[in-house]
Each structure stands twice: as structure tokens, then as C-alpha cells.
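Participant:
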Amino acid sequence: MTNLTEVQNEDNREFLVGDLVVLTMDGTTDILLEVVNHMYTPKMYRVKILATGQFGPAFHTDIRHATIAEINAKRRLTATEQALGEVS
863 MTNLTEVQNE
873 DNREFLVGDL
883 VVLTMDGTTD
893 ILLEVVNHMY
903 TPKMYRVKIL
913 ATGQFGPAFH
923 TDIRHATIAE
933 INAKRRLTAT
943 EQALGEVS
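Residue numbering for the sequence shown follows the working numbering, beginning at 863 and increasing consecutively.
#1: Measuring CB to CB, does A920 end up less than 8 angstroms from L895?
#2: How many angstroms separate the CA atom of M887 from the CA atom of R926?
#3: Starting from T920, follow the beta strand (DSSP E) in both directions and report where the run begins and ends.
#4: What residue does the alpha helix (DSSP H) around E932 start on, and which one ends it?
#5: When the Cα atoms are used, what is the spatial distance from I930 to T914?
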């Protein structure tokens, strides 16, 4: 069972210009992105791929804030890599 606070936090994700984020959907690339600005709607963001400098759109539910380990690695880490990082 999900409590209301958890639902509200998930639905109200806020990203600010300059935030580093990664894509969350299965099958997406593990690139590190930077939020550039809002695009068209409050829930759509314009992001920059840090590795290439290219820009594109990202819906707020398809991204999450990058962890410190991901920022250091310059890419999204797998769940296994994240778990190993928490242990070491």
C-alpha cells in the first residue's frame, strides 16, 4: 500500500535549471543530462546531453535526479552498481 505522501512526492517531482538527471525508463541510454529549462508545459523539460552537447525533451516522470556516484561516473548506474557503491 502506498501512502499519500509518497504519491505526492512522486507526482510533484521538481527539477531546476542546472540539475543533473538520468533517464529512468527501461531500454533508455545511461547518459547524464542537465536540465536547461521548461519546454511547452510545466512537466516537460528541455535537457542537454552532457557528453555531446545535444538538446532534447524529457517528461518529468521519465527522469530522476542523478546520484553523486552517477555524477562522478558521468552516466546512469545500474541497480547493482548503485548497491555496490553504497557498500564500499
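Note that beta-carbon positions come from the ideal geometry of N, C-alpha and C, so glycine has one too. Keep in mind the model is a prediction, meaning the values are calculated, not measured.
Facilitator: According to the data block:
#1: yes
#2: 10 angstroms
#3: Reading off the sequence, residue 920 comes out as Ala, not Thr. That run of the beta strand (DSSP E) goes F917 to F921.
#4: I930 to A935
#5: 21 angstroms
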